[in-house]
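*Asks:* Numbering (the numbering used here), first residue to last: 11 to 395.
Cβ coordinates follow ideal geometry from the N, Cα and C atoms, glycine included.
Dropping the structure in here first, questions after.
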């Protein structure tokens with residue numbers, strides 16, 4: 011019967027019935043993880059066959075929330091203002107500590123877009139904006155998805171870009187400062203669900219007032235903020251955004267340092283290889299030096315040996331010199347004998363020539379005059395030398 015109440019059409023009366031059914035289901039789902047998982051699997055038939063495949067109950071409830079936001083009274087003011095808080099309370103209770111419900115909610119991309127617009131909408135009531143902010147925080151805190159575009163970090167970035175963290179946390183302050191929250195006593199009993207806005211808001215506040223601050227703190231932690239920041243302080247929220255920017259800058263510096271580290275490691279490896287090569291070359295030079303040392307030692311030994319053996323070879327050298335002188339003297343004597351023979355032959359020729367000239371009537375002495383003087387001059391010079 012409750013599901014039938016949630017699955018009615020979008021007419022005025024059906025929205026009121028849906029609101030009542032949602033309020034009852036909220037109490038059923040509260041702190042009941044097993045029931046949340048079962049209800050999450052419920053599919054409803056499409057209102058018209060032409061719309062295609064069945065629709066999940068969670069998605070149908072979000073659509074009712076959007077319909078209630080767009081409906082207005084005859085005077086142009088928003089109508090059914092009590093419906094949105096009831097549906098938001100159901101969604102908050104359902105998504106609390108239920109990652110599968112968060113994943114199902116984010117499976118439809120327009121859900122996140124609509125929720126961001128609802129939080130920042132000026133036409134929505136303070137209560138609706140605050141509850142939508144709580145629901146948005148649950149999408150970050152209870153998000154276990156690692157899928158790109160649906161993880162908690164992406165949702166936190168979307169909040170920062172579309173709303174701003176400071177403005178986002180102010181939604182909780184605005185909701186807590188409302189008369190409906192400040193006037194309710196902790197032990198006050200709630201009246202049965204009526205169409206009265208005051209009664210509806212009192213029922214919502216019963217379990218959400220304390221949870222708002224907790225969700226805000228958890229969101230700050232999930233969004234890379236300091237864990238000790240309080241959601242109720244405006245200055246701390248500004249610090250949250252500052253810390254988040256600082257963390258992003260630190261992450262960028264870490265990436266730069268990682269790249270620099272990789273470069274340094276590459277250079278270190280290159281220098282290590284170069285050092286190994288130089289060490290090998292040095293070893294080769296050392297071996298060559300040792301070889302030269304051995305050769306030098308060997309040569310020094312040979313020199314010492316030659317020096318020590320020099321006195322014993324001197325007699326042999328003197329004998330060789332004497333033998334050489336004898337041979338030279340013999341050769342000189344042989345040459346002298348040959349020269350004397352030649353002179354004797356020449357003298358004989360001169361005598362014959364002189365006799366012939368005498369026969370011819372020539373004065374031989376006169377012809378030979380001065381020839382001896384020319385020959386004697388070099389001999390005298392040789393003697394002087």
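Would you mind working out which of 67, 45 and 288 sits nearest residue 54, comparing C-alpha positions?
*Replies:* Out of 67, 45 and 288, 67 has the C-alpha closest to the C-alpha of residue 54.
*Asks:* Where does residue 376 sit, in a helix, a strand or coil, going by DSSP?
*Replies:* Reduced to three states, the DSSP call for residue 376 is helix.
*Asks:* Mapping DSSP to helix, strand and coil, what is residue 98?
*Replies:* Three-state DSSP puts residue 98 in a helix.
*Asks:* So does the segment 32-42 actually touch the segment 102-120, counting three or more Cβ pairs closer than 8 angstroms?
*Replies:* The segment 32-42 vs the segment 102-120: in contact.
*Asks:* What do you reckon, are the CB atoms on residue 162 and residue 150 nearer than 7 angstroms?
*Replies:* Taking 7 angstroms as the Cβ cut-off, residue 162 and residue 150 qualify as a contacting pair.
*Asks:* For residue 370, which of helix, strand or coil comes out of DSSP?
*Replies:* Correct three-state label for residue 370: coil.
*Asks:* Straight-line CA distance for residue 327 to residue 333?
*Replies:* Looking at the two C-alpha atoms, the distance is approximately 10 angstroms.
*Asks:* Determine the contact status of residue 112 and residue 153, defining contact as a CB-CB distance below 7 angstroms.
*Replies:* Their beta carbons are under 7 angstroms apart, which means residue 112 touches residue 153 by this criterion.
*Asks:* Assuming residue 143 and residue 129 are in contact, meaning their beta carbons sit under 8 angstroms apart, how far apart are those beta carbons, in whole angstroms?
*Replies:* Confirmed, about 5 angstroms.
*Asks:* Relative to the alpha-carbon of residue 126, which residue among 173, 267 and 279 has its alpha-carbon at the smallest distance?
*Replies:* The shortest Cα separation from residue 126 among 173, 267 and 279 belongs to 173.
*Asks:* To the nearest angstrom, report how far apart residue 340 and residue 347 are at their CA atoms.
*Replies:* One C-alpha to the other measures close to 11 angstroms.
*Asks:* Taking the C-alpha atoms as reference points, what is the distance between residue 313 and residue 304?
*Replies:* Roughly 14 angstroms separates the two Cα atoms.
*Asks:* On the DSSP letters alone, give me the boundaries of the alpha helix (DSSP H) that residue 46 sits inside.
*Replies:* Element bounds for residue 46: 43-50.
*Asks:* In the DSSP assignment, what are the bridge partners of residue 65?
*Replies:* Paired residues: 54.
*Asks:* Locate the alpha helix (DSSP H) running through residue 140, then write down its first and last residues.
*Replies:* That run of the alpha helix (DSSP H) goes 136-151.
*Asks:* Using 7 angstroms as the threshold, is the C-beta distance between residue 32 and residue 96 below it?
*Replies:* Yes, the pair counts as a contact, with Cβ atoms nearer than the cut-off.
*Asks:* Measure the C-alpha to C-alpha separation of residue 329 and residue 335 and round it to an integer number of angstroms.
*Replies:* Looking at the two C-alpha atoms, the distance is approximately 10 angstroms.
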